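K.L.:
Chains as they are written, first to last, in my numbering: chain A, 1 to 488; chain B, 1001 to 1477; chain C, 2001 to 2095.
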Amino acid sequence: MEFETVIGLEVHVELSTQSKIYCTCSTAFGAEENTHVCPVCMGFPGTLPALNKQAVEYCVKAGLALNCKINQYSRQDRKHYFYPDLPKAFQTSQYDLPLCYDGYVDLRVPEGDPLDGKVNKPAYTKRIGITRIHIEEDAGKLIHASGATRVDCNRCGVPLIEIVTEPDFRTSGEVYAFLQHLRNVLLYANVSNCRMEEGSMRCDVNLSLRPSPDAPFGTRTETKNIASLSATVRAIEYERARQRKILEKGGAITQDTLRWDDERGVNYAMRSKEDAHDYFYFPEPDIMPIVIDDAWLSSIKASLPELPHERRKRYTEALGLPDYDADFLVGEKAISDLFDACVALGAAPKTVSNWLMSDVARLCNDTNTGFDELWFGAKGLYELISLVEKGTISRTAGSKVLEAMFAPGERRSPGELVSALGLAQVSDEGAILELCKTVIAANEKAVKDYRAGKEKAMTSLVGQVMKASKGKANPAIVNRLMRELLNG
Amino acid sequence: MDIRDLTVAELSALLAEGKLSSTEITKAYLSAIEKEDGFIRSYITVTAEKALSDAAAADERRSRGTPLSPLDGIPFALKDNFCTKGIKTTCASRMLENFVPPYTATAVKKLEQAGCVLLGKLNMDEFAMGSSTETSYFFKTKNPVDPERVPGGSSGGSAAAVAARLAPFALGTDTGGSIRQPAAFCGIVGMKPTYGRVSRFGVVAFASSLDQVGPMTRTVYDNALILSVIAGHDPMDASSLPHPVPDYAASAKDGILDGMRVGLPEELLGPGISPAIREAVLKAADVLREKGAVVEKCSLPRVKYALPAYYIISSAEAASNLGRYDGIRFGYAAQDVESISELYTKSRSEGFGWEVKRRILLGTFALSSGYYDAYYKRAQQVRTLIMQDYDNAFERFDCLLTPVAPVTAWKFGEMSKDPLEMYAADICTVSVNVAGLCGLSVPCGTDENGLPIGAQFIAKPLCEETLYRAGAALYGR
Amino acid sequence: MKITREQVLHVAALARLSLSEEETERLQGEMSGMIDFADSLKELDVSGVPPTTHAVPVQNVFREDGVLPSFDRAELLRCAPRHDESCVLVPRVVE
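(1) Note down, in chain order, each residue of its chain lying with its Cβ closer than 6 Å to the Cβ of I21(A), except the 5 sequence neighbours on either side.
(2) Tell me whether C494(A) sits in a helix, a strand or coil according to DSSP, three-state version.
(3) By Cβ distance, which residues of its chain are closer than 6 Å to Y1325(B), with the 5 residues on each side in sequence left out?
(4) Could you check if D359(A) is buried or exposed, using at least 16 other CB atoms within 10 Å of its CB as the buried criterion?
(5) Would you kindly work out how many angstroms separate the C-alpha atoms of A1473(B) and I1458(B), rounded to a whole number?
(6) Report the neighbours of V2096(C) on chain A: residues whose CB is nearer than 9 Å to its CB, in chain order.
(7) If the criterion is Cβ atoms closer than 9 Å, does the pair E1465(B) and Y1248(B) meet it?
(8) Measure from the C-beta of Q2028(C) to each C-beta in chain F and report whether the shortest distance is under 9 Å.
(9) Roughly how many angstroms lie between the CA atoms of V1213(B) and R1289(B), to the nearest whole one?
(10) Closer than 7 Å, Cβ to any Cβ of chain A: which residues of the region 1201 to 1215 of chain B, in chain order?
(11) Can you check which of these residues, R451(A), L435(A), N267(A) and Y450(A), is closest to K467(A) by C-alpha distance?
(12) Short of 8 Å Cβ to Cβ, which residues in the region 2061 to 2075 of chain C face chain A?
(13) Would T165(A) and V11(A) qualify as a contact pair, given that the criterion is a beta-carbon distance under 9 Å?
(14) Per DSSP, which residues does F1076(B) bridge with? Please list them.
(15) Contact between the region 1337 to 1348 of chain B and the region 243 to 252 of chain A is defined here as three or more beta-carbon pairs at a separation below 8 Å; is this criterion met?
(16) If you draw a straight line from the alpha carbon of R341(A) to that of S74(A), how long is it in whole angstroms?
(17) Once the 5 residues before and after A1055(B) are set aside, which same chain residues still bring their CB inside 7 Å of it?
(18) Taking the straight line between their C-alpha atoms, what separation do you get for L207(A) and V6(A)?
(19) DSSP state of Q1489(B), grouped into three classes?
(20) Could you give the uninterrupted runs of the alpha helix (DSSP H) lying entirely in the region 287 to 339 of chain A, keeping only those of 4 residues or more?
(21) Give the DSSP-derived three-state secondary structure of G63(A) in the structure shown.
(22) Does DSSP classify A1288(B) as helix, strand or coil?
(23) Quick one: list the residues of chain C neighbouring M1129(B), beta-carbon separation under 8 Å, in chain order.
(24) Taking the alpha-carbon of K1142(B) as reference, which of P1244(B), P1102(B), C1186(B) and Q1388(B) has the nearest alpha-carbon?
(25) Can you tell me which residues form a DSSP beta bridge with W260(A)?
(26) Anything in the region 1368 to 1395 of chain B with a Cβ closer than 8 Å to a Cβ of chain C? List those residues in chain order, please.
(27) State the Cα-Cα distance for the pair D220(A) and S1369(B), rounded to the nearest angstrom.
(28) With DSSP as the reference, please indicate the residues paired to K126(A) in a beta bridge.
(29) In angstroms, rounded to a whole number, what distance separates the CA positions of L2027(C) and Y81(A)?
(30) Are the beta-carbon atoms belonging to N1408(B) and N1449(B) less than 9 Å from one another?
(31) Could you tell me the boundaries of the beta strand (DSSP E) in which L160(A) lies?
(32) Assign I1340(B) to one of three DSSP states: helix, strand, or coil.
(33) Tell me whether A407(A) sits in a helix, a strand or coil according to DSSP, three-state version.
(34) Output, in chain order, the set of chain A residues within a Cβ distance shorter than 8 Å of I1340(B).
(35) Here's the rule: buried if 16 or more other CB atoms are within 10 angstroms of the residue's CB, otherwise exposed. What is S298(A)?
(36) Does the region 1109 to 1124 of chain B come into contact with the region 1213 to 1224 of chain B, if we say contact requires no fewer than three beta-carbon pairs (one atom in each stretch) closer than 8 Å?
As structure tokens, this is what we get:
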């Protein structure tokens, strides 16, 4: 039997504000248990919330970056349930007036298996609907010990945005591409650090199957506890297969909440949160309505940096870069920022792009350095590129210099390194002319072959001049002078 | 001169003149509490040691000529739902029987910063739910005027303490009448300020959109003095109003009403009100006329619906606010539980009293899916209509005059069987909370049994000054 | 509106309250009475009337994003019925 898989996502993203959403405790990750808490975020009697303005702005920013409409009159609501990680027994969230709604992402979906480790070319574009984005507070952490469970409230009250998508996904590849894109957009918008391994981005998957695209939606299950992009793919594939088996046997899917166990590669139904369907939503009386006038909305719009798809357009249309380069550059804000900075200093776009895609990417990867963590920055890179373009050093020498710049503790400029490593190219035409004459004199056969039309012989002759000059001769000049000598 | 007979204003003057010390005043009160409160039972906790040390500090400041405020060194007491750092705050519930908060409510901080001396924490209905202080987990408080009768509620301990001269003044909270009604039952002055006028931070929440903090005093003038200190914006309470705090005491002085237009809503003076009370309120209207007011009949056509609306809204918000009592981070925790589920259910079932449970269940029902629109949402819509009725009345009138309650203090055990009967006694007060207005309760006579009757003045938001002017004119002090 | 025994038990479970048979019966009567009382609200025409969600017409009350020192952990844990030196403890939760 054939089935179409229908997937919708609920992605929770922690906003990178300094303080929590309703109190002044720090949101910094990794603190010792219960050291970022106060009576407000622990829900003590008599405490009241004070809404962090930055959280509201970050949510709107995220909404704008995802093409959402913004509700200029918005409100918070209480969502009730009992669980030890939820101090007030309600989560202050948003129900019927979320800050953002009705958005979309135009996704470029690569062909192939998202987990095959290759950088695959985009095969098609698809629009994924964003139903809504709203702000809410995070719950605490439960740590299971023997005989008891320990409650750490550090995370209680960390501001979250919940991004709900339309059930527009049909493959795990699309979901993977979307999460990468989402991550990237939110990083560009600078509203979160989106680190799934730290829990600042969490994805719940709603999945159902139906016999054909025209059939009504099937019963869906919700899978939680997915801690990485690749785990998302695995969780989807597992659940798809599980539901398929049941349906093929003629059984029915129950609307379960499932927990994904990535280590064992299985999911299982969660026992907690029964009656979770009645959350008794009502408007939060302790938080006043949020009214975003046109002026405020404009200023938030203005604070958004150029987003990935906008930069991509500029790179391909205005700068004439090929798709492949553009995709690479916008893949990470840090790369794109570095690229823009170098071009702004005067470097040629394609040249910078080539350097970034090859040497810089490789060295960053090998040394585990971010593109925004390079001590020499755009200025240093530009200096190096200029040295190569001017002919002061060869391209090969340039690679060597860059590698040296990545050495731990190295702080010498490209120019200084060229001198120190003796990599300056010889461009003195007189000297090169002499070397050419010497090589010509010693290679009668090659000379004869070249004059007979064998282009390969030129390569050999040039190679010999390079060898004689210990690699320092400017190859372009060698080539030109050699041809002049032999042709003339 | 009995120290305990002095008003806050008089104490302030004598302290400033050096004729009395804070230690003398505090000792007088502590001694009275020791002798008499065993009978009245208004205090849950007496903070004698702290009071004496704070009084000594106040005297020290006075002797150096650096008092913190005109109220420096004056003792007071708090309803036991105001969190006080390091001092038990029980809400008269088993659930918080041993709760010692590590923080202090803002309104209390303001009094501390003014130099006031805390005598102790006062009895109340459990979690402020009730009209007689009978639902307190610990004990019942007696009405000092007639000890066989209730002092009213939920700020019954506060009213009784002030009426019995066991504190010069007290703070209470009012969600549906809980300051004004006990003030009327015990013959003292109680003010429910405009919603948001006084910070709610640190006051254990009952119904978030209705709760308000207010002073309970012997005179209108004292009341105004205290409100000036505790009112004002608080960044910790988003519902607190940003408006500046006027000099309320100035309004409580002159007693001239110069054409103030006072309305008498006929719906609140109808057959449901006892004849003695109606007569007393109409007599009060005459006094106001003598002082220059223009008093006429008016109508609040839908005011009776404020009562069911109030009970739905307050129960729903209470059910929500009381979800946090689960035996985990603070409060009562059931013993010998084997699962988290058992911990929740046993702690809550054993920790809460009957009235609290009943309201939680009613509130949960009103919010549940399928019933939300018919009950909670509808109640919030009726709220809008009640506000409209008041808006219309305030077009023609500066303030309204009504009884505080349809009955005077009842005898212990006389009420209670049918909850609706007790709830119905809130008819005159709840609409003020529902509409976010301010209301002042002022003694205006006694009934045939000598029980105090209270007259209620109601004004538009942020018009407490109007209330103080009218109240002072009626009560004379 | 008459409240059934099942409804009382259902709502009690939602609120994490356990009731004895006697209590359930008593509450059934009391709640029915209170809901009947609340049903009087149906006498009013509320079509087109916006619900009042906040008693004061205040909006946009915000706090600037700044960190202040958190509370002393020991002071807060001291309030908890069960705790170790860094966490509040509850019976083992099975997920």
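All C-beta atoms, glycine included, are put in the ideal place defined by N, C-alpha and C. Quantities reported herein were computed from a predicted structural model and do not represent experimental measurements.
P.N.:
By the coordinates alone:
(1) Working through the first sequence from its first residue, we reach residue 21(A) at position 21. These residues qualify, in order along the chain: N52, A55, E137, G157 and P159.
(2) Outside the modelled stretch of chain A, which goes from 1 to 488, sits residue 494(A), for which no answer is possible.
(3) Locating residue 1325(B) in the second sequence gives position 325, where the first residue counts as 1. Excluding sequence neighbours, Y1325(B) sits near M1095 and G1331.
(4) Residue mapping note: residue 359(A) aligns to position 359 of the first sequence, counting from 1. Buried is the label assigned to D359(A), since at least 16 other Cβ atoms lie within 10 Å of its Cβ.
(5) Here residue 1473(B) corresponds to residue number 473 of the second sequence, with the count starting at 1. Here residue 1458(B) corresponds to residue number 458 of the second sequence, with the count starting at 1. Whole-angstrom Cα-Cα distance: 15 Å.
(6) There is no way to answer for residue 2096(C), as the model of chain C reaches only from 2001 to 2095.
(7) In the second sequence, counting from the first residue as 1, residue 1465(B) sits at position 465. In the second sequence, counting from the first residue as 1, residue 1248(B) sits at position 248. Result yes, Cβ atoms of E1465(B) and Y1248(B) sit closer than 9 Å.
(8) Looking for chain F here will not work: the only protein chains present are A, B and C.
(9) Within the second sequence, residue 1213(B) is the residue found at index 213, counting from 1. Within the second sequence, residue 1289(B) is the residue found at index 289, counting from 1. Roughly 31 Å separates the two Cα atoms.
(10) With the criterion set as a beta carbon lying under 7 Å from some beta carbon of chain A, the members of the region 1201 to 1215 of chain B are F1201, G1202, V1203, V1204, A1205, S1208 and S1209, in sequence order.
(11) Along the first sequence, read from residue 1 onward, the residue named residue 467(A) stands at position 467. Of R451(A), L435(A), N267(A) and Y450(A), the residue nearest in Cα terms is L435(A).
(12) Of all residues in the region 2061 to 2075 of chain C, V2061, F2062, R2063, E2064, D2065, G2066, V2067, L2068, S2070, F2071 and R2073 have a Cβ within less than 8 Å of some Cβ in chain A.
(13) Counting from one through the first sequence, the residue named residue 165(A) turns up at place 165. Counting from one through the first sequence, the residue named residue 11(A) turns up at place 11. In this structure, V11(A) lies closer than 9 Å to T165(A) by Cβ.
(14) In the second sequence, counting from the first residue as 1, residue 1076(B) sits at position 76. DSSP, once it has assigned bridges, lists L1118(B) as partnering F1076(B).
(15) Counting C-beta pairs with one atom in each stretch, the region 1337 to 1348 of chain B and the region 243 to 252 of chain A have fewer than three that are closer than 8 Å, which means they do not touch.
(16) Within the first sequence, the letter at position 341 stands for residue 341(A). Within the first sequence, the letter at position 74 stands for residue 74(A). Here the sequence assigns Ala to residue 341(A), which means Arg is not the residue at that position. Each residue's Cα considered, the two are about 39 Å apart.
(17) As a working note, residue 1055(B) is residue 55 in the second sequence. Same-chain partners within the cutoff: S1022, T1023, T1026, G1073 and V1117.
(18) For the purposes of this step, residue 207(A) is identified with residue 207 of the first sequence, where counting begins at 1. For the purposes of this step, residue 6(A) is identified with residue 6 of the first sequence, where counting begins at 1. The alpha-carbon atoms of L207(A) and V6(A) are separated by roughly 6 Å.
(19) This structure gives no information on residue 1489(B), because the portion of chain B shown stretches from 1001 to 1477.
(20) Complete alpha helix (DSSP H) runs here, min 4: 294 to 302, 308 to 313 and 323 to 330.
(21) Here residue 63(A) refers to the residue found at position 63 when the first sequence is read from its first residue. G63(A): helix per DSSP, three-state reduction.
(22) Taking the second sequence and counting its residues from 1, the one referred to as residue 1288(B) is at position 288. At residue 1288(B) the sequence reads Leu, which differs from the Ala that was named. Here L1288(B) sits in helix by DSSP.
(23) Working through the second sequence from its first residue, we reach residue 1129(B) at position 129. Against chain C, the beta carbon of M1129(B) has no neighbour under 8 Å; the closest one sits roughly 13 Å away.
(24) Here residue 1142(B) refers to the residue found at position 142 of the second sequence. The option with the nearest alpha carbon to K1142(B) is C1186(B).
(25) The residue labelled residue 260(A) in the question sits at position 260 within the first sequence. Residue pairing for W260(A): DSSP places it in a beta bridge opposite N267(A).
(26) Close to chain C, meaning a Cβ-Cβ distance shorter than 8 Å, are the following residues of the region 1368 to 1395 of chain B: S1368, A1374, Y1375, K1377, R1378, A1379, Q1380, Q1381, V1382, R1383, T1384, L1385 and M1387.
(27) Reading the first sequence from its first residue, position 220 is the one you call residue 220(A). Reading the second sequence from its first residue, position 369 is the one you call residue 1369(B). Just to set this straight, residue 220(A) is Arg in the shown sequence, not Asp. The straight-line gap from Cα to Cα measures roughly 22 Å.
(28) Numbered from its first residue, the first sequence carries residue 126(A) at position 126. The partner list for K126(A) (beta bridge, DSSP) reads L107(A).
(29) On the third sequence, position 27 is the one that residue 2027(C) refers to. On the first sequence, position 81 is the one that residue 81(A) refers to. Just so you know, the alpha carbons of L2027(C) and Y81(A) end up roughly 23 Å apart.
(30) For the purposes of this step, residue 1408(B) is taken as residue 408 along the second sequence, with counting starting at 1. For the purposes of this step, residue 1449(B) is taken as residue 449 along the second sequence, with counting starting at 1. Note on residue identity: the sequence assigns Thr, not Asn, to residue 1408(B). Yes.
(31) Translated into positions along the first sequence, residue 160(A) becomes position 160. Element bounds for L160(A): P159 to T165.
(32) Taking the first residue of the second sequence as 1, we reach residue 1340(B) at position 340. If DSSP states are grouped into helix, strand and coil, I1340(B) belongs with the helices.
(33) Residue mapping note: residue 407(A) aligns to position 407 of the first sequence, counting from 1. Here A407(A) sits in coil by DSSP.
(34) As a working mapping, residue 1340(B) is identified with position 340 in the second sequence. At a C-beta separation below 8 Å, I1340(B) has these neighbours in chain A: P84 and T149.
(35) The residue given as residue 298(A) occupies position 298 in the first sequence. Result: exposed.
(36) Short answer: they don't touch.
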